[in-house]
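In numbering that gives the first Met the number 0, the protein residues as written are 0 to 251. Report on the following structure.
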Amino acid sequence: MKTNPIVGQGTSLHQWQASRHLAELDSIDILSLVPPGARAVIVAPHPDDEVLGCGGLLQLLAAAGRPVQLISVTDGSASHPGSSRWPVERLSVVRPQESAEALRRLGLPMHRVKWLRGGFTDTQVAAQEAELVDFIARHLRADDVLFATWSEDGHCDHEAVGRASAEAARRVGATCHELPVWTWHWATPEDAFVPWQRARKILLTPAQVARKRHAVHAFASQLEGDPDAGLGPVLAPYVLDRLLQPFEVVFL
């Protein structure tokens with residue numbers, strides 16, 4: 000059971016690395032999940048979730064020439080509440096720009112990536128969930144394979160996006176898989192709440208991890224806090240450590 004999951008420094012990288020349970024997860028070839036002729040649709044609650052959750056997966060898809068559609072549900076403008084350094088107006092412009100630079104660093108052919116911005120309200124996605132289902136479904140085909148944040152990921156927007164993506168996929172007959180992002184913070188390797196039986200690893204090479212790290216560092220707003228507002232960085236080093244392991248996990 001998770002309670003107030005996004006507090007403190009969370010589960011350490013060392014704990015995850017010492018987990019035999021995690022080490023023994025079966026791996027899967029992303030190209031078997033997105034077969035030739037299919038399109039991958041990445042549904043990101045905020046600009047950066049597409050890289051944090053599946054920056055390696057995106058590299059593999061791009062290298063194989065698979066078409067990609069990215070849906071950015073919000074512009075991430077609520078990441079620094081009360082900040083004069085990073086006010087809502089600035090973040091709503093800067094964070095999508097950071098995503099574009101991060102995707103370029105991953106090597107995605109941006110002229111061939113279809114990128115939709117939903118314009119939903121950061122931290123309030125659950126209140127607009129029915130509208131989000133309609134929005135996602137309008138842009139899907141039956142042979143699409145969606146990758147969305149897990150519907151129990153521990154952040155209200157991530158969970159709403161997971162639920163809405165699953166429902167939109169069901170509506171059009173597409174496939175939907177889930178990605179843990181905040182889960183790495185609050186869960187433990189032995190946490191029975193996490194559906195480890197559905198989990199598979201997508202293995203990444205050192206070069207792919209390095210490229211993902213380079214892409215993550217495009218998110219300058221998230222790497223900086225605002226001491227005057229009492230805010231630390233959203234992507235503190237201990238957060239990035241957990242998200243830059245030599246694999247990514249997908250729940251089938």
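Glycine included, each C-beta is placed from N, C-alpha and C at the ideal position.
Simplified DSSP assignment, three categories, for residue i
{"i": "residue 224", "result": "coil"}
{"i": "residue 85", "result": "coil"}
{"i": "residue 73", "result": "strand"}
{"i": "residue 18", "result": "coil"}
{"i": "residue 96", "result": "helix"}
{"i": "residue 255", "result": "In this structure the chain extends from 0 to 251, so residue 255 is not present and cannot be described."}
Euclidean distance between Cα positions of residue i and residue j
{"i": "residue 209", "j": "residue 118", "result": "31 Å"}
{"i": "residue 167", "j": "residue 212", "result": "31 Å"}
{"i": "residue 151", "j": "residue 157", "result": "8 Å"}
{"i": "residue 8", "j": "residue 159", "result": "24 Å"}
{"i": "residue 178", "j": "residue 250", "result": "6 Å"}
{"i": "residue 35", "j": "residue 65", "result": "7 Å"}
{"i": "residue 161", "j": "residue 145", "result": "10 Å"}
Cβ-Cβ distance between residue i and residue j below 8 Å
{"i": "residue 201", "j": "residue 130", "result": "no"}
{"i": "residue 69", "j": "residue 49", "result": "yes"}
{"i": "residue 187", "j": "residue 14", "result": "yes"}
{"i": "residue 42", "j": "residue 220", "result": "no"}
{"i": "residue 79", "j": "residue 228", "result": "yes"}
{"i": "residue 217", "j": "residue 100", "result": "yes"}
Contact with chain C by residue i, beta-carbon distance below 8 Å
{"i": "residue 121", "result": "The structure shown contains no chain C; it is built from a single protein chain."}
Identity of the residues DSSP links to residue i by a beta bridge
{"i": "residue 143", "result": "38"}
{"i": "residue 175", "result": "145"}
{"i": "residue 114", "result": "69"}
{"i": "residue 201", "result": "247"}
Sequence-distant residues of its chain with Cβ nearer than 6 Å to residue i (five each side left out)
{"i": "residue 222", "result": "232, 234"}
{"i": "residue 18", "result": "188"}
Same chain, Cβ closer than 8 Å to residue i, five either side skipped, listed in chain order
{"i": "residue 55", "result": "201, 203, 207, 208, 211, 246, 247"}
{"i": "residue 155", "result": "122, 124, 125"}
{"i": "residue 149", "result": "157, 158, 161, 177, 178, 179, 180, 182, 250"}
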